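**Student:** For what it's worth, the UniProt record's numbering labels the leading residue of the sequence shown as 1, then goes sequentially.
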Amino acid sequence: MNELLDAVTLARWQFGLTTLYHFIFVPLTIGLSLLVAILQTVWVRTGKVKYLKLTRLFGKIFLINFAMGVVTGIVQEFQFGMNWSNYSRFVGDIFGAPLAMEGLIAFFFEATFIGLWIFGWDKLPKKIHLMTIWFVWIGTVLSAYFILAANAFMQNPVGYSLNEERGRAELENIGDVLLNPVAVTQFPHTIFAALMFAGTVMVAVAAWHLKRNQFVDEMRTALRFGAWTNILGFLGVGLTGHSLGLVMTETQPMKMAAAEALYESAAGKDASFSLFSLGTPDGAHEIFSVRVPYLLSFLSTGTFDGEVEGIRDLQADYTAMYCGGGDALLTCPSDGQFAPIIWVTYWAFRWMIGLGALAALVSAVGLWITRKNTQLPAWVWKVAIWTAPIPMLASLVGWVFTEMGRQPWIVFGVMTTEQGVSPGVPAWAVLISLIVFTIVYGALAVVEFKLITKAAKEGPPELEKTADGEPDQQSLATVY
């Protein structure tokens, strides 16, 4: 019990919960900004009012989500100083650059053009106004990249030197930090995952109205657009995920070994991937599994006969490298164990893949059964509605795998998690803030859900028209 209430564990729980909660908003913001930009582009090019209505409907959902994401994201910055001051002091010189770029370049760029998009419907020429939403999307992806570059340093520290006298990492090459192979491969993987979530949200909104036979023309378009987005997003996630897996194996081989619970090194046929496995309570011995031969070799090395290092071999290598009394700074965990919690990484990896595949399968079936009409049983629409959170859950467990698989390090090979906490913050103080954050974020979750569901249920706005049948620009300015 005391181990569950120590300052390190509580600080990890608090940062993990608040980060995962904040990340609920991130993929929807990234994905919807692009989908709204595409819808508005189609309206400008074709003049079909249904695309304008869909732009306004999903634009409103996007704005609600963006506002809530900003509120929850601010807390993340404070936590570095609250519970992780040693970590902040150690990597501040590195983290400061991409985080400053995110705030001063990407976020202000995004916020500026959001303002122009909201208030410029009746003040800007149609094509200029269209450009503002595309700039919003560019801002969101830039913001995502800078954040991922900061996170990538934790996974694969590059572009720095250790100042052992001052006990900190110091930036040497910002280009190496921004072009970290982990960031370069993780970025498209994250963007495609965001498109999956945005696509299923669009499908859910459309299904809710089609179930009630409302706005049939607009919602049929939204349904199929969202379903195709989800399927194409899944294909992109798969392709980029393989590239990310190759980089992960090269930079963090223990994480790949833990993802498969591979204790002994293996290659070729023996390096199989288990679709399902049961093992002993400690995870060290397998009881039953369903396996695909050669697949782990391919996922890890890009070849069907490549060797994948096992947990025991890596443990011995890491012990010699980081606990041998050399010059390495802050790298040996107190218990000498370099493997993460195996069952967490094993099942998070599979839930990530399984949930993503399930969402894509539902969209594919939905496209098939709605190709001619939308007169379907009520249960079909319920399935479509409840598919909405599945890609989000896949992304969340994916981040659980990414962060938990890096343990026991907070910066891989450089600083352990237990050495990153604030030394002067007692466990009871962390526990109080954890409880407060949980309550506040729970309330915000209720507010977010109600605001988005209210906007979704209202459906596309009614737009006044001019004498020539075009949407009245003054009426467009009053929709939000």
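We treat Cβ as the ideally placed atom computed from N, Cα and C, and that holds for glycine. All values reported here derive from a predicted model rather than from experimental measurement.
1. Could you give the distance in angstroms between the alpha-carbon of T102 and the alpha-carbon of L178?
2. If Q14 and Q155 are in contact, beta carbons under 8 angstroms, what's the gap, nearest whole angstrom?
3. In angstroms with no decimal places, state the Cα-to-Cα distance between V421 and R168.
4. Thinking C-alpha only, which one of M196, F437 and W228 is nearest T19?
5. Strictly by DSSP, which residues pair up with V308?
6. For W381, which three-state DSSP category applies?
7. Along the alpha helix (DSSP H) that carries I38, what are the first and last residues, could you check?
8. Since I believe T29 is in contact with Q40 (beta carbons under 8 angstroms), could you give me their beta-carbon distance rounded to a whole number of angstroms?
9. So does the segment 396 to 416 actually touch the segment 365 to 379, counting three or more Cβ pairs closer than 8 angstroms?
10. Need the endpoints of the alpha helix (DSSP H) that E403 sits in, please.
11. Residues in the same chain with beta-carbon distance under 6 angstroms from L451, minus the five sequence neighbours each way, listed in chain order, please.
12. Assuming contact is defined by CB atoms lying nearer than 8 angstroms, are N230 and T200 in contact in what I supplied?
13. Between the Cα of G310 and the Cα atoms of L57, T303, F349 and A257, which residue gives the shortest distance?
14. Which same chain residues, not among the five before or five after M1, have their C-beta less than 7 angstroms away from its C-beta?
15. Do you know whose CA, among T46, A198 and I118, lies nearest L223's CA?
16. Taking A100 as the reference, give the member of F146, K60 and S85 with the closest Cα.
17. Taking three-plus beta-carbon pairs below 8 angstroms as touching, is the segment 181 to 188 in contact with the segment 426 to 446?
18. Under 8 angstroms between the Cβ atoms of A455 and K60?
19. Out of F58, L162 and I38, which has the shortest C-alpha to C-alpha gap to K127?
20. With respect to 7 angstroms, is the separation between the Cβ of T387 and the closest non-hydrogen atom of the ligand GDP below this value?
21. For the segment 354 to 361 against the segment 390 to 402, do three or more pairs of beta-carbon atoms, one drawn from each stretch, fall closer than 8 angstroms, so that the two count as touching?
22. Could you spell out where the alpha helix (DSSP H) holding S161 opens and where it closes?
23. Using beta-carbon positions only, say whether V362 and V380 come within less than 8 angstroms of one another.
24. Beta-carbon within less than 8 angstroms of D313's beta-carbon, same chain only, minus the 5 sequence neighbours each way: which residues are those?
25. Note down, in chain order, each residue of its chain lying with its Cβ closer than 8 angstroms to the Cβ of E418, except the 5 sequence neighbours on either side.
26. Nearest CA to the CA of A320: which residue from F338, R291 and S143?
27. From E260, N163 and A429, pick the residue whose C-alpha is nearest to that of P340; which is it?
**Tutor:** So, to answer that:
1. Checking the sequence shown, residue 102 turns out to be Glu, not Thr. Here the alpha carbons of L178 and E102 stand approximately 12 angstroms from one another.
2. That belief does not hold up - the Cβ atoms of Q14 and Q155 are roughly 21 angstroms apart, past 8 angstroms.
3. The alpha-carbon atoms of V421 and R168 are separated by roughly 14 angstroms.
4. Nearest option by C-alpha distance: F437.
5. Paired residues: A266.
6. W381 falls in the helix class under three-state DSSP.
7. DSSP places I38 in the uninterrupted alpha helix (DSSP H) bounded by A7 to T46.
8. With 8 angstroms as the limit, Q40 and T29 do not qualify as a contact, their Cβ atoms being about 16 angstroms apart.
9. Too few Cβ pairs lie closer than 8 angstroms, so no.
10. For E403, the enclosing alpha helix (DSSP H) has its first and last residue at I390 to M404.
11. Excluding the 5 residues flanking it on each side, L451 has same chain C-beta neighbours closer than 6 angstroms at I64, in chain order.
12. Their beta carbons are under 8 angstroms apart, which means N230 touches T200 by this criterion.
13. Nearest Cα to G310 within the set L57, T303, F349 and A257: A257.
14. In this predicted model, M1 has a pLDDT of only 41, less than 50, meaning its place in the structure is not dependable; the value taken from the coordinates is given anyway. Answer for M1: no residue qualifies.
15. Here the closest residue by C-alpha is A198.
16. Of F146, K60 and S85, the residue nearest in Cα terms is F146.
17. No, the segment 181 to 188 is not in contact with the segment 426 to 446.
18. With contacts defined by Cβ atoms closer than 8 angstroms, A455 and K60 form a contacting pair.
19. Ranked by Cα distance from K127, the options F58, L162 and I38 are led by I38.
20. Absence of the ligand GDP from the depicted structure is noted, as is the absence of any ligand whatsoever, leaving it without description.
21. These segments touch.
22. For S161, there is no enclosing alpha helix (DSSP H); the enclosing beta strand (DSSP E) has its first and last residue at Y160 to N163.
23. No. Outside cutoff.
24. So the list reads E264 and S265, once near-sequence residues are dropped.
25. Excluding sequence neighbours, E418 sits near V8, P333, S334 and P408.
26. Per the Cα distances, F338.
27. The residue with the shortest Cα to Cα distance from P340 is E260.
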